[in-house]
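Shown next, in structure tokens, is the structure this report addresses.
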Amino acid sequence: MKFKKVCALFLCAAMIGSLAACGSSGSSAPAETQAAGETEAAGEAAAPAGDASGTLTINIWDANQQAGIQEICDDWTALGNPKVQVEVINWDNYWTLLEAGASGGELADVFWMHSDYAQIYMENDILLDLTDYIAKDGIDMSIYYPDIAAIYTRSDGKIFALPKDHDTIALLYNKALFDEAGVEYPTNDWTYEDMYEAAKAITENTPDDTYGYALNTSNDQDGWYNYIYSYGGNVVNTEKTDTAIDGPEAKAAMEMVRKMLTVATPQAVVAESGTDSLFQSGKVGMITQGSWMINSFYTAENHADYAWAEIPYCDRNGDGQCQPEERQTCYNGLGWAAAANTDMPDAAASLIEYLCSEEAQVKQAELGVTMAGIPGISEAFANAFEGMDVSAFTQVETDGTLYARPGTRNSGVWQTPMKQAGGFLDAWQAPDDPEAMSAACDRVAQMIRDAIAAE
Amino acid sequence: MKEKRKMTAKEKNEAIWAYAFVAPTIIGLIVLNFYPAINTFWQSFFKTGDFGKGNTFVGLANYQKAFADPEIWQSLINTIKYAIIEVPLGVVIALILAVFLNRKLKGTSLFRTIFFLPMVCAPAAVAMVWKWLYNQQFGLFNNILHTNVAWISDPKIAWISVGIIGVWSIIGYNMVLFISGLQEIPGDYYEAAEIDGATGIRQFFDITVPLLSPTTFFIVQTRVIGALTIFDLMFMVMDKTNTALTKVESAVYVFYKYTFDQGNKGYGAAIVMILVVFIMIVTVIMQRAEKKFVFYN
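So the protein sequences, as listed, match chains A and B.
Under this note's numbering, think of the first position of the first sequence as 1, with each following residue one higher.
Under this note's numbering, think of the first position of the second sequence as 1001, with each following residue one higher.
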């Protein structure tokens, strides 16, 4: 009897303890263990940063890009530099792992940085300061997209990452469903109203489980953000001090979103299957997607049916033509950063400079990995996918306006909750009620303002 | 043996070796469990800075915020609801299976292996498979039953659907424990009962159930604790934009959300401490109940 009791209490303690182990990644020892454990869980054996053999470890989160990036890194190795090993860790685990590594000390040598997280990492000196290397090697920062370079420059002017790429959004459609419903294919002259009419026609003229369009609250950068900016609103202003998501422009945009949702796949279905799976299963006629996703549609089973058009615009002044400010696509760019505590800072900085050189970025575009972080050299990207025209992603740079992905210092505090119940999700559930959408805009505005105030 | 006496040299030597042998485990527990546990408790009084630097002491503010947050209470209710499905069903089904598989039948070891298999699978993989079984549009369940049920998106049934995955995952483990418990019950009891004319069902309730109660208690206690700390099923099965999420997310899920999604470790620590206290209360109640219901011969 005693034994059982002791046993139960012991197990109780162990379980509580294992919970706590998650909670304390602020302390070094457990954080390291946790990092090691999670890497294994992700199926990637993490080599220690800069081990004896002189291999640089790179961490990225997009498996689609692994082969291309490895190839470019091998070019760098061929110039007489150390070997490079590229490891993929999926997006969700990537940041948990990186934070654990940053708190505990063990990080990959070189890794991707993202606008959502860059500021916190820079402020805490987790990243290697590249300013001196850039000055010494004469890197011209003005060649990069200014918004992207700005993401990775700290308020004191120090630079912690170089722009790796940029991405834009386009409209993806399934020709087979358009044919079935007898609707004409999307063109680059479409407004959101045209898109609505087409979506409605497809929804009505195809089987019950097939819809013209699908959009989830989580499709922000590649979805409803673009409505808001095309209609003249914003999610966070450029000074990052306020939001206009409850303003008349943004509300008009979200009203358009609501209208689209009345003819789109119901939210519950989208949340379970995801817009990409639904599209690839032939259940959805149109979705908007980012350039980083091209490869997964290019290699899909029915890729011959898929085609891209430029993202629709909002004819704000009613002249029947698209002015650049009426077609807005969110753009964002990753940065190549290194760990401040890497064993080989010189090699890491040199690799980053190589990866962000014009030569390597042209190759990156040619290989179809992503578009470049330098404007004007991504033409090759449009031709990288033989048999699939992806010029909509590069064309938008002349036909439209690129706006930087809205974010604040600690965006996670509002970015996820605004997509959930209490944010936009309630309005997504009841697309027939315009009041619900308008009220959701007000609530989300409050969330963003509260988050900014707490920063 | 009331009076204390000094250890002999041999005893001392033995004690030293004993400590040496338990040291690895003890050190492991201290470093991996006790230190983080204390650290978590400590953190719950702070507004934590980035990467564990620059913490500011805020006293009980995190706890006040947590107690006033309906989301925390809802998540505790969700956790209890999950436990109410997983523990009783997991125990009863496992017990029935164990009784059947404890007989001399052809192929018992094959069946035991089959029922135990879920324990061998990675929980994340299990959750992914169930997620697709439950899928409203493409899922196997809706296709076989010709229904259109939103198994994991309808707030009314999503918690049951998730609970069923938990039951499925744990049956094999419970069953193995029950089988070992069954084998400790002497066969004479059953023989005597048979001679007295007791039916199989009567034997089950009057011999098996009481004599198995220590094992049952052990399983119930460990499973209650396990169910109250559930996280992975909700995390893997439910998308963040799932409408039913607020009615299914467990306390540990909410802890994860605040700690890792929003970088608010102090608040996350406070949530976990509340959960720990709750689990301790439940454990104490169960220990009391043990005296009443469990039969040790």
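Virtual Cβ for every residue (Gly too), placed ideally from N, Cα, C.
So if DSSP puts residue i in a beta bridge, which residue, or which two residues, is it bridged to?
{"i": "P163(A)", "result": "G335(A)"}
{"i": "M447(A)", "result": "Paired residues: none, contrary to the question."}
{"i": "L172(A)", "result": "I287(A) and W308(A)"}
{"i": "V110(A)", "result": "I58(A) and A338(A)"}
{"i": "K1081(B)", "result": "Answer is none; K1081(B) lacks a bridge partner."}
{"i": "E87(A)", "result": "N59(A)"}
{"i": "C533(A)", "result": "Here chain A covers residues 1 to 455 and nothing more, so residue 533(A) does not appear."}
{"i": "A372(A)", "result": "D165(A)"}
{"i": "Y213(A)", "result": "M286(A)"}
{"i": "Y313(A)", "result": "T191(A)"}
{"i": "T1199(B)", "result": "Beta-bridge pairing links T1199(B) to no other residue."}
{"i": "T1056(B)", "result": "K1047(B)"}
{"i": "L127(A)", "result": "A339(A)"}
{"i": "T153(A)", "result": "I159(A)"}
Indicate whether at least one CB of chain B lies closer than 8 Å to the CB of residue i.
{"i": "V84(A)", "result": "no"}
{"i": "K136(A)", "result": "no"}
{"i": "D343(A)", "result": "no"}
{"i": "A42(A)", "result": "Residue confidence is low: A42(A) scores 37 on pLDDT, short of 50, so the model does not pin down where it sits. Its coordinate-derived value is still stated next. Not one chain B Cβ lies under 8 Å of A42(A)."}
{"i": "M447(A)", "result": "no"}
{"i": "A340(A)", "result": "no"}
{"i": "T96(A)", "result": "yes"}
{"i": "V88(A)", "result": "no"}
{"i": "V369(A)", "result": "no"}
Candidates the options: which alpha carbon is nearest residue i's?
{"i": "Y1082(B)", "options": "G1266(B), K1292(B) and G1226(B)", "result": "G1226(B)"}
{"i": "W292(A)", "options": "Q66(A), G400(A) and S273(A)", "result": "Q66(A)"}
{"i": "P1214(B)", "options": "I1201(B), L1182(B) and Y1267(B)", "result": "L1182(B)"}
{"i": "N174(A)", "options": "E353(A), F381(A), F279(A) and A300(A)", "result": "F279(A)"}
{"i": "M456(A)", "options": "E71(A), T416(A) and D426(A)", "result": "Given that chain A is displayed from residue 1 to residue 455, the structure contains no residue 456(A) and the question cannot be resolved."}
{"i": "N383(A)", "options": "L127(A), I377(A) and G368(A)", "result": "G368(A)"}
{"i": "N81(A)", "options": "P345(A), V390(A), A445(A) and C441(A)", "result": "P345(A)"}
{"i": "Y144(A)", "options": "D220(A), S378(A), E435(A) and I228(A)", "result": "S378(A)"}
{"i": "A118(A)", "options": "W428(A), G412(A) and R449(A)", "result": "G412(A)"}
{"i": "P1123(B)", "options": "M1273(B), G1139(B), D1232(B) and K1012(B)", "result": "D1232(B)"}
{"i": "Y192(A)", "options": "G182(A), Y229(A), H166(A) and N216(A)", "result": "Y229(A)"}
{"i": "N93(A)", "options": "Y1256(B), K1291(B) and N1264(B)", "result": "Y1256(B)"}
{"i": "V86(A)", "options": "G104(A), G101(A), W95(A) and D62(A)", "result": "D62(A)"}
{"i": "M1175(B)", "options": "T1246(B), G1090(B) and P1186(B)", "result": "G1090(B)"}
{"i": "R327(A)", "options": "G320(A), Q420(A) and C314(A)", "result": "C314(A)"}
Could you list which residues in chain A have their beta carbon closer than 9 Å to that of residue i, in chain order?
{"i": "G1028(B)", "result": "Result: empty, since nearest Cβ-Cβ is about 10 Å, beyond 9 Å."}
List, in order along the chain, the chain B residues whose C-beta lies closer than 7 Å to that of residue i?
{"i": "T217(A)", "result": "T1241"}
{"i": "D209(A)", "result": "Q1137"}
{"i": "Q463(A)", "result": "Outside the modelled stretch of chain A, which goes from 1 to 455, sits residue 463(A), for which no answer is possible."}
{"i": "V269(A)", "result": "Q1136 and Q1137"}
Taking C-beta pairs closer than 7 Å, name the residues in chain A that residue i reaches, listed in chain order.
{"i": "N1135(B)", "result": "E272 and S273"}
{"i": "D1261(B)", "result": "G412 and T416"}
Along chain A, in chain order, which residues have C-beta atoms closer than 8 Å to that of residue i?
{"i": "L1245(B)", "result": "Q420 and A421"}
Under 8 Å between C-beta atoms, does residue i make it to chain A?
{"i": "F1138(B)", "result": "yes"}
At 9 Å on the CB atoms, spell out the chain B contacts of residue i, in chain order.
{"i": "Q361(A)", "result": "Simply none; closest approach about 31 Å."}
Should residue i be flagged as near chain E, meaning a C-beta pair shorter than 8 Å?
{"i": "V257(A)", "result": "Here chain E cannot be found, since the structure's protein chains are A and B."}
Original post:
When Cβ atoms are compared, which residues of the region 1144-1172 of chain B fall closer than 8 Å to chain A?
Top reply: A1150, I1152, S1153 and D1154
Subject >> Near-chain B residues of the region 414-439 of chain A (beta-carbon distance less than 7 Å), N- to C-terminal order >> reply: T416, K419, Q420, A421, L425 and Q429
Original post:
Can you list, in chain order, the residues of the region 1050-1078 of chain B whose Cβ is nearer than 7 Å to any Cβ on chain A?
Top reply: D1050, F1051, G1052 and K1053
Subject >> Residues in the region 99-125 of chain A having any Cβ partner in chain B nearer than 8 Å >> reply: E99, A102, S103, I120, E123 and N124
**OP:** Report the residues of the region 274-299 of chain A with a CB closer than 9 Å to any CB of chain B, ordered along the chain.
**Re:** G274, S277, L278, S281 and K283
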